[in-house]
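Asker: Encoded as structure tokens, here's the structure I'll be asking about.
Numbering (full-length UniProt numbering), first residue to last: 1 to 207.
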């Protein structure tokens, strides 16, 4: 209410100070009003010149900082592009396709993260549960076609492969437990994530 009262008072004084007879004067009148309103506090009182100067210095400082940050970013990007070009020029021609394949799609499509999921369509370990490992990424399902169809035909080979993955996971988990503080909230979430992945592997044995 105080702010509205101050703006109404400014409008009345501005309208009373000059008469509007054309569109040019109307635009000039509102332009003067905006300038005058920028020097009025929220309580309706006029700002001190010290406050106006401080705000102006702050705005100039922010503009200068943003300009310097943009220049630094452009310099780093140009240096990165130059280094990439130098590295590509030093490669043989048969390696250029493999080296530039990741740059075909923009980020984050050019990055792939391996996931430990059983080859069952529509199934995801801990799908729908609120854990950090799944909260920070989109829901992702395994492919319809299995990566090694010839291995899937041999049940014994698939079982031995799954048992090997379980041993590798348990060994890695034991090494991590020696250095990772698995106590508290973060430790419980980490243990839950590991248990869910082991559960997925054991479920694969049943399948």
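The beta-carbon is built from N, C-alpha and C at its ideal position, and this holds for glycine as well.
Note that the structure is a prediction, hence the values are computed from the model and not measured.
Counting pairs of beta carbons, one from the region 163-177 and one from the region 189-207, are three or more of them closer than 8 Å?
Answerer: Judged by Cβ distances under 8 Å, the region 163-177 makes contact with the region 189-207, as three or more pairs qualify.
Asker: Thinking C-beta only, is residue 79 closer than 8 Å to residue 91?
Answerer: The answer is no: Cβ separation not under 8 Å.
Asker: Let me make sure I understand the geometry here. Which of 206, 57, 62 and 66 has the alpha-carbon closest to that of residue 156?
Answerer: That would be 206, whose Cα lies nearest to the Cα of residue 156.
Asker: Which of helix, strand or coil does DSSP assign to residue 48?
Answerer: The answer is coil: DSSP assigns residue 48 none of H, G, I, E or B.
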